[in-house]
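Going line by line, the protein sequences match chains E and U. Numbering of the first sequence is given in the numbering used here, commencing with residue 1 and proceeding in unit increments. Numbering of the second sequence is given in the numbering used here, commencing with residue 1001 and proceeding in unit increments.
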Amino acid sequence: MKIAIEELASCSGCTIAILDLHEALLDILGKAEIVYAPVIMDVKEPPEGIDIAFVTGAVRNEENQERLRKIRKRAKTVVALGTCACYGGISGLSMLFNREDLFNYVFRGVETVKPDGVIPTDVPPFLYRAFAVGDLVKVDYYITGCPPKEMYLKKILPALVSGEPLALSKKSVCSECDRIMGAHENWQLRRRHEGIPDREHCLLGQGYLCLGAVTFGRCGASCPHSNVPCHGCNGPSLDILREPCRDIYNMMIRRIADLTDKPEAEIEKGIYDIAHTFYPFTIGSLIMEDKGISKIRDLIKERNI
Amino acid sequence: MISRRYGSVIEIRVDDNACNGCGLCVKDCPMHVYELRESLSVPIHPENCMGCLSCHEICPAQALEHKGIYPSRRHYIDIRVCEMLNRVI
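In structure tokens, the structure reads:
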């Protein structure tokens, strides 16, 4: 069996997450061979006849798009690995700016820019927007996570290689969190830098925008466990993905309203920077954007593409 | 035709590892099925349940399961969403 790992617009963290399997990786390598993975080996092009291709990262420029199409053609099974591949991830936030601003920021406004200011001609142009992998090609499996945690990859990867069925929890981050949740009076929104959260009680109840209730689990609630509100890096929980009337923003507001008995309109008044607080990992996903109630379209329509 | 199911009790399961004891199901249930005991939701009157599954929607931890009860079928759902849902592993 041949395995490939392709990198698109990503930080390579998902490939490192596979290396995080440590000795368990040896068991997989007993049954399968890694034939292409730019981060960990020196093979320039994916060969033909790949059995499983893991694709990490979003599609943000023409090179990403071309590489994705090539790996899809050469692989029997394509697995979107990590939140960038599944929902656009952090790269999607680039859609808040227009292409020219992005280009200037990344290639012109840096210390390493050449003094003559000449841009090499082989820099791939940006696409008009960011895409999740599944928006452009057929994906056979999705594994979310930023990066996917090795304790789950240890179960998922051997099952993928051997073709065995897999039954893992598909619940939200709250289901893995050990904090006590409850009704709150005098609830007030607090930004992350304000105060130190109480370790025992729910962060959302304390006023912090913890996205645990609307986020797919499989992280052991590691951020709330470390007193940090959930950022939503695993992408939306499956009920939010499934139901057309549910979206990250409206379900968060509803959840706060349920806990605090405050009217939703009043809660919404205090909300700041919706793109970075609610959609930092899903703004690049067409599926999430196409929900009628999603705020993503409003957030990106202002930009001049 | 109206089918009646006297005597049949809906089986409600609460995943006690997942439940955060927020009490939203207790507050939300129109039939007062749940009660909060020692920071865990307990379905004390499953015989009252009318299967609206409002509690499923409100539970932040997705800790509730009603055996044999499913949400009513929607006439329209995005095919891309269906495909993606089945492929999340």
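Ideal Cβ positions, reconstructed from N, Cα and C, are used throughout, including at glycine. Predicted model, so just to flag it, every value in this text is computed and none were measured.
Limits of the unbroken alpha helix (DSSP H) element including tyrosine 142(E):
Against the first sequence, residue 142(E) aligns to sequence position 142. Per DSSP, tyrosine 142(E) lies in no alpha helix (DSSP H); the unbroken beta strand (DSSP E) holding it starts and ends at 141 to 143.
(message) Spatial neighbours of phenylalanine 54(E) within its chain, please: C-beta separation below 6 Å, excluding the five flanking residues on both sides.
(response) Position 54 of the first sequence holds residue 54(E). The residues are Ile5, Val79, Leu81.
Nearest-angstrom Cα separation, counted from asparagine 1017(U) out to arginine 1080(U):
If you number the second sequence from 1, residue 1080(U) lands on position 80. If you number the second sequence from 1, residue 1017(U) lands on position 17. Approximately 32 Å, taken between the alpha carbons.
inquiry  = Could you check whether the Cβ of arginine 1037(U) sits closer than 9 Å to any Cβ belonging to chain E?
reply    = Position 37 of the second sequence holds residue 1037(U). No - not a single Cβ of chain E is within 9 Å of the one on arginine 1037(U).
Jot down the residue ranges of each uninterrupted alpha helix (DSSP H) in the segment 37 to 111 of chain E, minimum 4 residues, whole runs only, in chain order. Runs found: 62 to 74, 83 to 87, 99 to 103.
task: For the alpha helix (DSSP H) containing alanine 213(E), list its first residue and its last residue.
output: Translated into positions along the first sequence, residue 213(E) becomes position 213. Membership of alanine 213(E) in any alpha helix (DSSP H) is not indicated, and neither H nor E is assigned to it by DSSP.
Report task. Closer than 6 Å by C-beta to glutamate 48(E): which residues in its own chain qualify, once you throw out the five before and the five after it? Chain order, please. Result -> Taking the first residue of the first sequence as 1, we reach residue 48(E) at position 48. Excluding residues within five positions, the ones whose Cβ falls inside 6 Å are Arg74.
**OP:** Within its chain, find whatever has a CB closer than 7 Å to the CB of alanine 183(E); leave out the 5 residues flanking it on each side and keep chain order.
**Re:** Along the first sequence, one-based indexing puts residue 183(E) at 183. Cβ-Cβ distances below 7 Å link alanine 183(E) to Leu259 in the same chain, with the five nearest sequence neighbours on each side left out; the list follows chain order.
Buried or exposed (CB count within 10 angstroms, at least 16 for buried), asparagine 104(E): Within the first sequence, numbered from 1, the residue matching residue 104(E) stands at position 104. Around the C-beta of asparagine 104(E), fewer than 16 other C-beta atoms lie within 10 Å, and the residue is accordingly described as exposed.
- Item | 9 Å Cβ cutoff, methionine 1050(U) in contact with chain E | Working through the second sequence from its first residue, we reach residue 1050(U) at position 50. Methionine 1050(U) does not count as touching chain E.
Here's the rule: buried if 16 or more other CB atoms are within 10 angstroms of the residue's CB, otherwise exposed. What is proline 124(E)? Position 124 of the first sequence, counting from 1, holds the residue named residue 124(E). So proline 124(E) counts as exposed.
If we cut at 9 Å on Cβ distances, does aspartate 239(E) have a partner in chain U?
As a first step, residue 239(E) must be located in the first sequence, where it is residue number 239. Yes, its Cβ sits closer than 9 Å to a Cβ of chain U.
| message | Quick check: is the beta carbon of isoleucine 1069(U) nearer than 9 Å to any beta carbon in chain E? | response | The count along the second sequence starts at 1 and reaches residue 1069(U) at position 69. No, its Cβ sits nowhere closer than 9 Å to a Cβ of chain E.
Could you give the distance in angstroms between the alpha-carbon of cysteine 210(E) and the alpha-carbon of glycine 117(E)?
-> As a working mapping, residue 210(E) is identified with position 210 in the first sequence. As a working mapping, residue 117(E) is identified with position 117 in the first sequence. Approximately 44 Å, taken between the alpha carbons.
Contact set between arginine 1013(U) and chain E, taken where Cβ atoms lie within less than 7 Å: Walking along the second sequence from the start, residue 1013(U) turns up at place 13. Going along chain E, no residue has its Cβ under 7 Å from arginine 1013(U), so there is no contact; the nearest lies around 13 Å.
| Ends of the alpha helix (DSSP H) at lysine 31(E)? | Counting from 1 along the first sequence, the entry for residue 31(E) is found at position 31. Residue range 23 to 31 is occupied by the alpha helix (DSSP H) that includes lysine 31(E).
Please determine, among Leu153(E), Glu200(E), Cys86(E), Thr112(E), the residue with the shortest C-alpha to C-alpha distance to glycine 284(E).
Numbered from its first residue, the first sequence carries residue 284(E) at position 284. Shortest Cα-Cα distance from glycine 284(E) to any of Leu153(E), Glu200(E), Cys86(E), Thr112(E) involves Cys86(E).
So alanine 213(E) contacts chain U; which residues on that side make the cut at Cβ distance below 7 Å? Within the first sequence, numbered from 1, the residue matching residue 213(E) stands at position 213. Those within 7 Å of alanine 213(E) in chain U are Pro1060.
Is there contact here, the segment 165 to 174 of chain E with the segment 218 to 237 of chain E, by at least three beta-carbon pairs under 8 Å?
By the Cβ criterion, the segment 165 to 174 of chain E is in contact with the segment 218 to 237 of chain E, since at least three pairs of Cβ atoms, one from each stretch, lie closer than 8 Å.
Tell me lysine 2(E)'s beta-bridge partners as DSSP assigns them.
Residue mapping note: residue 2(E) aligns to position 2 of the first sequence, counting from 1. Per DSSP, Glu33(E).
### Task
Using a cut-off of 9 Å between C-beta atoms, extract the partners of cysteine 174(E) located in chain U.
Translated into the one-based positions of the first sequence, residue 174(E) becomes position 174. In chain order: Ala1018, Asn1020, Cys1022, Cys1059, Pro1060, Ala1061, Gln1062, Ala1063.
Q | At least three beta-carbon pairs within less than 8 Å, the segment 129 to 144 of chain E to the segment 89 to 107 of chain E | A | Between the segment 129 to 144 of chain E and the segment 89 to 107 of chain E, the count of Cβ pairs shorter than 8 Å is three or higher; the stretches touch.
Among Ile253(E), Lys170(E), Glu266(E), which has the Cα closest to the Cα of arginine 242(E)? Position 242 of the first sequence holds residue 242(E). It is Lys170(E) whose Cα lies nearest to the Cα of arginine 242(E).
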